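Participant: Let me give you the structure first, and then I'll get to my questions.
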Amino acid sequence: MVMNPVPWPNGARCAAALTFDMDADSILHLEHPDDSISRVSAISMLRYGPEVAVPRIVETYKRFGIKQTFFVPAWCIEQYPKAIETMLEGGHEVAHHGYIHENPTAGSREEQAYWLRRSIEIIECATGQRPRGWRAPLYNFSDHSAELLAEESFLYDASLMGDDVPYVLRTDKGDIIELPAHWGVDDWPQFVQSMDLDYMMPIKSAAGGIEVFKQEFDAMWEHGGLWIGVWHPFATGRLARWLEVVELIEYMLEKGGVWLTRMEEIARHVKKCMDGGSYTPRVDHLPYYTDRVSVMPLAGPRHKAAE
Ligand SMILES: [Zn+2]
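Have a look at this one:
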């Protein structure tokens, strides 16, 4: 079913990563710049992420002896340094997720480059390391994003949805490894309802929501793919849901043959396999289009007749 499975380490059947995007209230200020500070209930819902959920998540990871990846807007690193310390103490990866969750597709190339670089500096200052990976805020990967990532020597991107296994984004500035996910493994459709965020989904039961991710995982396990959970501490870090996640992790580990690790490790392994010739990924040349896609009217007699 998967035409090109990756040779995962130690004969693992699949690779898996529980990734959290710790957006906190950055998304609210962006959505409502004029009156976000008066939307206190929404702020409290989103602050639940760094204040309550992150310590809970990191504690669970410690219990299982696993290290995972958090994508964090740099503004949140400045606002919630304690949550970042908790992640780092647990040995987890802190990856790039914009400055204040801005939308790269709405800015010029220069603006995108500015926010990318400003946030790299903040991550480097907080963690002692340049970020290796990036996930575009709200998957808003622009036609300049791949080139900008290559210019800044990123190892991987985690925003696109073009395959079941890692693949390569090729640009004039260099290559980036894509670790793809999709909306089916994102927790917003399962668990998020907020009028302030203009996002209203019928909330699933904790077990029902996590079942969706389990089904996606089983398919990847069966066919040698890569399973990535794209989760948010304020949503999946809530108590009943997190208890279901604990059961999901137990299920994965008991099933066996799963390489559950940080995104940077997965990207490094893929690169090593590519360099050694044991994996030949699909290659997407980006940007897909360099000009507006338009359809010309039909010329000739038929067109004239229609007028
Ligand atoms: Zn986000």
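In numbering that gives the first Met the number 0, the protein residues as written are 0 to 306.
Don't be surprised by glycine CBs; every beta carbon is placed ideally from N, CA and C.
Predicted, not measured: the structure shown is a model, and the values here were computed from it.
1. Report the rounded CA-to-CA distance for Pro6 versus Gly223, giving the unit in angstroms.
2. Alpha carbon to alpha carbon, how far is Val53 from Val244?
3. Assuming Leu137 is part of the alpha helix (DSSP H), what are its boundary residues?
4. From this set, Thr104, Met160 and Asp34, which residue's C-alpha is nearest Leu225's C-alpha?
5. What is the rounded straight-line gap between the Cα of Asn102 and the Cα of Ile175?
6. Going by the beta-carbon positions, is the gap between Phe233 and Tyr47 smaller than 8 Å?
7. What residue range is occupied by the uninterrupted alpha helix (DSSP H) comprising Ile56?
8. Between which two residues does the alpha helix (DSSP H) holding Asp217 run?
9. Kindly indicate the opening and closing residues of the alpha helix (DSSP H) around Arg108.
10. Please report the distance separating the alpha-carbon of Leu147 from that of Asn3.
11. Would the beta-carbon of Met273 fall within 8 Å of that of Gly132?
12. Would the beta-carbon of Leu137 be found less than 7 Å away from any heavy atom of ligand 1?
13. Which same chain residues, not among the five before or five after Val257, have their C-beta less than 8 Å away from its C-beta?
Facilitator: In terms of the structure at hand:
1. 8 Å
2. 14 Å
3. That residue, Leu137, is in no alpha helix (DSSP H); it is neither H nor E in DSSP.
4. Met160
5. 20 Å
6. yes
7. Val53 to Phe63
8. Ala205 to His222
9. Arg108 to Thr126
10. 28 Å
11. no
12. yes
13. Ala11, Arg12, Cys13, Ala14, Ala15, Trp220 and Met251
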